[in-house]
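*Asks:* Sharing a structure here in structure tokens format.
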Amino acid sequence: TVETKEGKLIIGGHVITVFQERDPGNIPWGSVGAEYVVESSGVFTTVEKASTHLKGGAKKVIISAPSADAPMFVVGVNLDAYDSKYTVISNASCTTNCLAPLAKVINDKFGIVEGLMSTIHATTATQKTVDGPSSKDWRGGRAVNGNIIPSSTGAAKAVGKVIPALNGKLTGLAFRVPTNDVSVVDLVVRL
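In the numbering used here, the protein residues as written are 9 to 199.
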């Protein structure tokens with residue numbers, strides 16, 4: 009069962025505290041014993057912005073997107089470089105988490121001279137439901153439900169952050185497709 013009671017969400021008898029704050033610094037994480045916060049809004053992706061969660065009592069913040077300045081880690085790729093002194097880290101993107109382990113295995117075994125990745129990626133919240141203007145590029149203004157939309161991706165560049173030996177060796181593109189979930193990566197490399 010799912011219900012709400014006194015501002016809390018109750019799922020199968022498990023009580024979950026819910027907050028409604030625009031400023032993460034106003035969320036009292038400490039009052040509910042939350043030590044780790046996963047920042048998934050897509051808005052607070054720098055160390056400075058994500059650190060506002062710490063004001064409310066969180067001990068660590070994991071950004072679920074690439075970050076311009078937070079240390080970035082992908083499990084199975086560079087997690088050994090993690091240091092517990094970090095209070096804010098990035099877990100990269102879903103596409104980077106797909107691409108980086110594959111690139112690591114190929115690079116470790118054979119060496120990668122250069123590579124091109126393409127991802128077929130599900131719809132995201134930034135896409136239009138009907139045709140309209142886009143501040144990024146004209147293709148971004150196309151309605152997501154009936155189109156396959158070529159787009160950019162930062163995943164290839166992010167791999168260079170978690171595998172420094174591949175920095176500048178990979179490039180890539182994305183195709184946004186009208187599905188609610190799922191992503192696939194195709195990687196072509198010159199060894």
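Even for Gly, the Cβ is constructed at its ideal location relative to N, Cα and C.
May I ask which residues mark the beginning and end of the beta strand (DSSP E) holding Pro-109?
*Replies:* Not the beta strand (DSSP E): Pro-109 falls in the alpha helix (DSSP H), residues 102-117.
*Asks:* Spatial neighbours of Leu-87 within its chain, please: CB distance less than 6 Å, with the 5 preceding and 5 following residues excluded, ordered by chain position.
*Replies:* Phe-81
*Asks:* In this structure, how does DSSP classify Gly-38 when only helix, strand and coil are distinguished?
*Replies:* Residue state, collapsed to three classes: helix.
*Asks:* Enumerate in chain order the residues of its own chain whose CB-to-CB distance from Ala-166 is below 7 Å, with the five nearest sequence positions on each side excluded.
*Replies:* Pro-74, Met-80, Ala-100, Ser-101 and Thr-104
*Asks:* Identify which residue in Ser-39, Asp-31 and Ala-130 has its Cα closest to the Cα of Ala-58.
*Replies:* Asp-31
*Asks:* Please name the residue in Glu-122, Val-185 and Thr-161 whose C-alpha comes closest to that of Asn-175.
*Replies:* Glu-122
*Asks:* Alpha carbon to alpha carbon, what distance is there between Lys-67 and Val-40?
*Replies:* 13 Å
*Asks:* Spatial neighbours of Val-26 within its chain, please: C-beta separation below 6 Å, excluding the five flanking residues on both sides.
*Replies:* Leu-17
*Asks:* Could you tell me the distance, in whole angstroms, from the CA atom of Ser-160 to the CA atom of Leu-181?
*Replies:* 5 Å
*Asks:* Could you have a look at Asp-202 and say whether DSSP puts it in helix, strand or coil?
*Replies:* This structure cannot speak to residue 202, because the chain is shown only from 9 to 199.
*Asks:* Closer than 7 Å: is that where the CB of Tyr-44 sits relative to any heavy atom of the ligand SAM?
*Replies:* This structure lacks the ligand SAM, and indeed carries no ligand of any kind.
*Asks:* For Pro-158, which of helix, strand or coil comes out of DSSP?
*Replies:* Note: Pro-158 maps to strand in three-state DSSP.
*Asks:* Assuming Leu-107 contacts Ala-163 under a Cβ cut-off of 8 Å, what Cβ separation, rounded to an integer in Å, is found between them?
*Replies:* Their Cβ separation, rounded to whole angstroms, is 5 Å, which keeps Leu-107 and Ala-163 in contact under 8 Å.
*Asks:* Looking only at DSSP bridge pairs, what is Gly-50 linked to?
*Replies:* Bridge pairing for Gly-50: absent [DSSP].
*Asks:* Quick one, are the C-beta atoms of Val-51 and Val-96 less than 8 Å apart?
*Replies:* In this structure, Val-51 lies away from Val-96, with their beta-carbon atoms at least 8 Å apart.
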